[in-house]
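The listed protein sequences derive, respectively, from chains A and B.
Mapping of the first sequence onto the numbering used here: position 369 corresponds to residue 369, and the numbering continues sequentially without gaps.
Mapping of the second sequence onto the numbering used here: position 106 corresponds to residue 106, and the numbering continues sequentially without gaps.
Note that beta-carbon positions come from the ideal geometry of N, C-alpha and C, so glycine has one too.
From a predicted model like this one, the values you see are computed outputs, not experimental measurements.
I have placed the structure first, in the form of structure tokens, so that the comments after it can refer back to it.
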Amino acid sequence: MKRWSLVGLLAVVVALLFTVSVFAADVIKIGVQAPITGKFASEGQSIDKAVRLVVEQVNKKGGLLGKKIVVITCDDEGKAVKAAICARKLVNDGVIAVIGSYTSTCTEAAEPIYYRAGVLQTSDGTSDTLVKHGYWTFFRNSSPNSSEAKFTAEFFLKKQHYKRIAAISDYSTFSVNLTTAVVKDLKKMGGNVVYTGKIVSGSQNFTPILTKIKSYHPDVIYFGGYYTDGGLIRAQMVQLGMKADFVGGDSNDNPEFIKLAGKAAVGAYLIDVPLPEMLPYPAAKKFLKAYRAKYHENPASIWTLFNVDGLRVILYAIQKTKSLDTKKIAHYLHYELKNFPGITGPISFAPNGERIGSAYMAYIIGPDLKYHIVYREK
Amino acid sequence: MEIFLQQLVNGLTIGSIYALVALGYTMVYGVLKLINFAHGDLVALSAYIGLVILMQLAGVLSPALLILITFISTMVITAIGGIVLERAAYRPLRRAPRLSAVVSALGASMVIENGIMLIWGPMPKIYPASVVPNINFDLHGVYISLMQILVLVISLVLMVALYLFVNRTKLGTAMRACAIDQDAARLMGIDVDKVIVTTFVIGSALGAVGGLFIGMYYRGITFNMGWIYGLNAFVAAIIGGIGNIPGAMLGGMLLGIFNAFISGYISSSWSMALTYVLLIIIMIFRPTGILGERVAEKV
Chain A
1 MKRWSLVGLL AVVVALLFTV SVFAADVIKI GVQAPITGKF ASEGQSIDKA VRLVVEQVNK
61 KGGLLGKKIV VITCDDEGKA VKAAICARKL VNDGVIAVIG SYTSTCTEAA EPIYYRAGVL
121 QTSDGTSDTL VKHGYWTFFR NSSPNSSEAK FTAEFFLKKQ HYKRIAAISD YSTFSVNLTT
181 AVVKDLKKMG GNVVYTGKIV SGSQNFTPIL TKIKSYHPDV IYFGGYYTDG GLIRAQMVQL
241 GMKADFVGGD SNDNPEFIKL AGKAAVGAYL IDVPLPEMLP YPAAKKFLKA YRAKYHENPA
301 SIWTLFNVDG LRVILYAIQK TKSLDTKKIA HYLHYELKNF PGITGPISFA PNGERIGSAY
361 MAYIIGPDLK YHIVYREK
Chain B
1 MEIFLQQLVN GLTIGSIYAL VALGYTMVYG VLKLINFAHG DLVALSAYIG LVILMQLAGV
61 LSPALLILIT FISTMVITAI GGIVLERAAY RPLRRAPRLS AVVSALGASM VIENGIMLIW
121 GPMPKIYPAS VVPNINFDLH GVYISLMQIL VLVISLVLMV ALYLFVNRTK LGTAMRACAI
181 DQDAARLMGI DVDKVIVTTF VIGSALGAVG GLFIGMYYRG ITFNMGWIYG LNAFVAAIIG
241 GIGNIPGAML GGMLLGIFNA FISGYISSSW SMALTYVLLI IIMIFRPTGI LGERVAEKV
């Protein structure tokens, strides 16, 4: 008996699915796959809200190709298993493109499903592997992890013209990988790295290693670890009378860095993707204003805006190609779209779906203890 | 030469902090033959207490008075903490096997550490920037800050005072007597419980000074920092000879200097590992530490 009722249920579900897709003929469906609940809930909800805001704006202007856009959201909770379920559900719902997911893990779990269904996917995931599967459906709207190292090396050699570079990390995988990548890119570009070393995170007393580094006479010290150590390193550099610059990797970007370093924070450089309100582009200011007006809060983070950019280029490509054929849209995005004016900077894609150009920026902490942009990729 | 002297200054600063904390371990061990594993966490607690007092009084008092009052009140509160610790975790187990007391010490350590986390949260807390004016002296390329000078001078004064207290006063003599033989001391009319409480009070108060130095000099404090400072101070106490007061001072200074020189001349990645190699070598050749444990003279 039980088995029969299950089959019956399945039949009803399948019938329902068919009716939904019949109704769907004159709308364009966009999926959002994001962690609406769980650890990353604030990020996921922010992405969902932002997508709905953009779609509302487009619909107000008469929609796209004369059709209204409908948003379907699926909560993957930041878990890979749920991500695969969401991907199948959204494919069955007949979406043409999916924004998401927030985490690289969930994005990677969903990628093959969207690829096999020919559904476009755009994600802010930063793991380098996301674009290495050869899926034509996938577009990264942020910058991969490896681009931070490349950007740092460019900032060091092309903007600051450092002649003697010292680099330190702690023992965490994240910090070692980032610092090693920075040193590798520096050497590749002909930079002179005079010292590399490691500190024990949380040990607080960094004067011995800094005194040692001082004897190498570097003009800059790069630190690829966390702000709790970075702030102290900067403070102790100044206390030891070191004239070298301090450049911190993205995990130094935290208000506590300035509190820890105190006055010594002035003149320190940090490298990170920008905060939403720091984006210098007109499109960004306009979008943030609209977001605040609708939701009375700021987007959770820059990652929301990367996803909005992903959505905007897909909508733009649909309009340009006048087609809902995902193959045609993907081809346009890969080969024809050049320097689309995005919220997070100009957007173009490489044939593997990687976003060209780096979203990273270099800041200096000014005497007002605020960030000031000193360098970004043109 | 500048580099050498700078490393010496670096090492002496952190070394005096280790020494202050190490005194707490060594005094309690001397009297009770017990390793007070909760001492490091008491030091961390004192850093938090000091921060609360500083934030409450900042702006009300002049800087010098602010520092003085913060130090005195933190030392008093931490000393009370030491008394409570002794009463709750150690006195009921005084006649129990030594292993029970060690487990009780570890338990007390966890209670304090997690208590700090529950009250103040797991994120680092940060001391205000200019409790001690940020003045830096440049002595021909060797840099030393006012804070470092304060750390060195105050530590030295406290250690000399402690040495005089233990060797020149009646209570200090009673303390030494308890360290040699508690039963005999009791027969001589010494109130052993009072001596033990005094030991905890002095050890905790010195640890509180160490905790405040950590906060004021390094600025960032975390709930679990008692572990790493406690471990280093414990090692310092052993290097100098546990139970021996001048030994703890010497051990702390040596450990700080040794750490600085290994980081400076060999590799910072190896400083911890090589520090423990040093400990092993010292233990092989001098099992009771450099100055040796004070052993009862048998006649």
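Through-space distance from residue j to residue i, alpha-carbon basis
i: S348 of chain A; j: N141 of chain A; result: 9 angstroms
i: K150 of chain A; j: V60 of chain B; result: 50 angstroms
i: Y71 of chain B; j: A359 of chain A; result: Here the sequence assigns Phe to residue 71 of chain B, which means Tyr is not the residue at that position. Approximately 48 angstroms, taken between the alpha carbons.
i: F40 of chain A; j: V58 of chain A; result: 28 angstroms
i: F287 of chain A; j: H296 of chain A; result: 13 angstroms
i: V166 of chain B; j: I242 of chain B; result: 16 angstroms
i: V95 of chain A; j: V71 of chain A; result: 9 angstroms
i: S21 of chain A; j: G353 of chain A; result: Bear in mind that a pLDDT of 49 at S21 of chain A, under 50, signals an unreliable position, so the number given afterwards is only what the model happens to contain. Going from the Cα of S21 of chain A to the Cα of G353 of chain A covers about 29 angstroms.
i: D185 of chain A; j: I258 of chain A; result: 28 angstroms
i: G115 of chain B; j: I126 of chain B; result: 18 angstroms
i: I83 of chain B; j: P274 of chain A; result: 51 angstroms
i: I125 of chain A; j: Y227 of chain A; result: Here the sequence assigns Gly to residue 125 of chain A, which means Ile is not the residue at that position. Spanning the two alpha carbons is a distance of roughly 23 angstroms.
i: G247 of chain B; j: I239 of chain B; result: 8 angstroms
i: T321 of chain A; j: P255 of chain A; result: 45 angstroms
i: A185 of chain B; j: T199 of chain B; result: 15 angstroms
i: M361 of chain A; j: Y291 of chain A; result: 23 angstroms
i: L274 of chain B; j: A19 of chain B; result: 19 angstroms
i: V43 of chain B; j: K289 of chain A; result: 49 angstroms
8 angstroms Cβ cutoff, residue i in contact with chain B
i: V453 of chain A; result: It is not possible to answer for residue 453 of chain A, since the shown part of chain A is limited to 1 through 378.
i: Q160 of chain A; result: no
i: P208 of chain A; result: yes
i: I199 of chain A; result: yes
i: A350 of chain A; result: no
i: Q239 of chain A; result: yes
i: T211 of chain A; result: yes
i: E277 of chain A; result: no
i: A235 of chain A; result: yes
i: G231 of chain A; result: yes
i: T228 of chain A; result: yes
i: G225 of chain A; result: no
i: K263 of chain A; result: yes
i: K259 of chain A; result: yes
Of the residues the options, the one placed nearest residue i, counting alpha carbons only
i: P299 of chain A; options: A:V27, A:I30, A:R52; result: A:R52
i: E2 of chain B; options: B:I144, B:V197, B:Q182, B:A236; result: B:I144
i: Q121 of chain A; options: A:I356, A:D309, A:G342, A:E377; result: A:D309
i: R94 of chain B; options: B:K33, B:G24, B:A273, B:I290; result: B:K33
i: D26 of chain A; options: A:D128, A:T37, A:G63; result: A:G63
i: I390 of chain A; options: A:S123, A:K327, A:E108; result: No statement about residue 390 of chain A is possible, as the shown extent of chain A runs from 1 to 378 and does not include it.
i: L158 of chain B; options: B:L23, B:L146, B:G11; result: B:L23
i: S263 of chain B; options: A:A235, A:P276, A:S215, A:V266; result: A:S215
i: G230 of chain B; options: B:G240, B:M188, B:I17, B:I149; result: B:I17
i: V193 of chain A; options: A:T180, A:N205, A:I199, A:G202; result: A:T180
i: M123 of chain B; options: A:E336, A:K322, A:L260; result: A:L260
i: V142 of chain B; options: A:M237, A:T37, A:T344, A:L305; result: A:M237
i: Y171 of chain A; options: B:F137, B:S269, B:L54; result: B:S269
i: G197 of chain A; options: A:A166, A:S203, A:V313; result: A:A166
i: A153 of chain A; options: A:C86, A:S143, A:V131, A:K187; result: A:K187
i: F340 of chain A; options: A:I314, A:Y115, A:Y363; result: A:I314
i: N307 of chain A; options: A:V374, A:A293, A:R355, A:L324; result: A:R355
i: A92 of chain B; options: B:V160, B:T13, B:D193, B:V277; result: Residue identity differs from the one stated: residue 92 of chain B is Pro in this sequence, not Ala. For P92 of chain B, the nearest C-alpha among the options comes from B:D193.
Residue i at chain A interface by Cβ criterion, 8 angstroms
i: T222 of chain B; result: yes
i: A296 of chain B; result: Here A296 of chain B scores only 47 on pLDDT, less than 50, and its place in the model is too uncertain to base an answer on.
i: S315 of chain B; result: The structure shown does not extend to residue 315 of chain B, since chain B spans only 1 to 299, so no value can be given for it.
i: G211 of chain B; result: no
i: A129 of chain B; result: yes
i: M272 of chain B; result: yes
i: S269 of chain B; result: yes
i: I242 of chain B; result: no
i: S62 of chain B; result: no
Within chain D, partners of residue i - CB distance below 8 angstroms
i: Q204 of chain A; result: This model lacks chain D altogether, as its protein chains are A and B.
Worksheet item: If you pair each beta-carbon of the stretch 214 to 223 of chain A with each one of the stretch 152 to 168 of chain A, do three or more pairs fall below 8 angstroms?
Response: yes
Fill in: beta strand (DSSP E) runs contained entirely in the stretch 210 to 287 of chain A, provided each spans 3 or more residues
220 to 223, 245 to 248, 269 to 272
Discussion item. Tell me whether the stretch 278 to 287 of chain B and the stretch 55 to 74 of chain B touch, counting them as touching only if at least three CB pairs, one residue from each stretch, are closer than 8 angstroms.
Written reply: no
Discussion item. So, does the stretch 355 to 371 of chain A touch the stretch 162 to 178 of chain B, judging by three or more C-beta pairs under 8 angstroms?
Written reply: no
Fill in: Cβ pair count under 8 angstroms reaching 3, the stretch 29 to 44 of chain B against the stretch 232 to 249 of chain B
yes
Discussion item. So, does the stretch 28 to 37 of chain A touch the stretch 74 to 86 of chain A, judging by three or more C-beta pairs under 8 angstroms?
Written reply: yes
Worksheet item: Counting pairs of Cβ atoms below 8 angstroms between the stretch 215 to 225 of chain B and the stretch 36 to 47 of chain B, do you hit three or more?
Response: yes
Worksheet item: Hey, which unbroken runs of the alpha helix (DSSP H) at 4 residues or more fall wholly within the stretch 76 to 130 of chain A?
Response: Counting only runs of at least 4 residues, the stretch 76 to 130 of chain A fully encloses the following alpha helix (DSSP H) elements, listed from N- to C-terminal order: 80 to 92, 104 to 117.
Worksheet item: Should the stretch 80 to 90 of chain A be regarded as contacting the stretch 132 to 147 of chain A, the criterion being three or more beta carbon pairs within less than 8 angstroms?
Response: no
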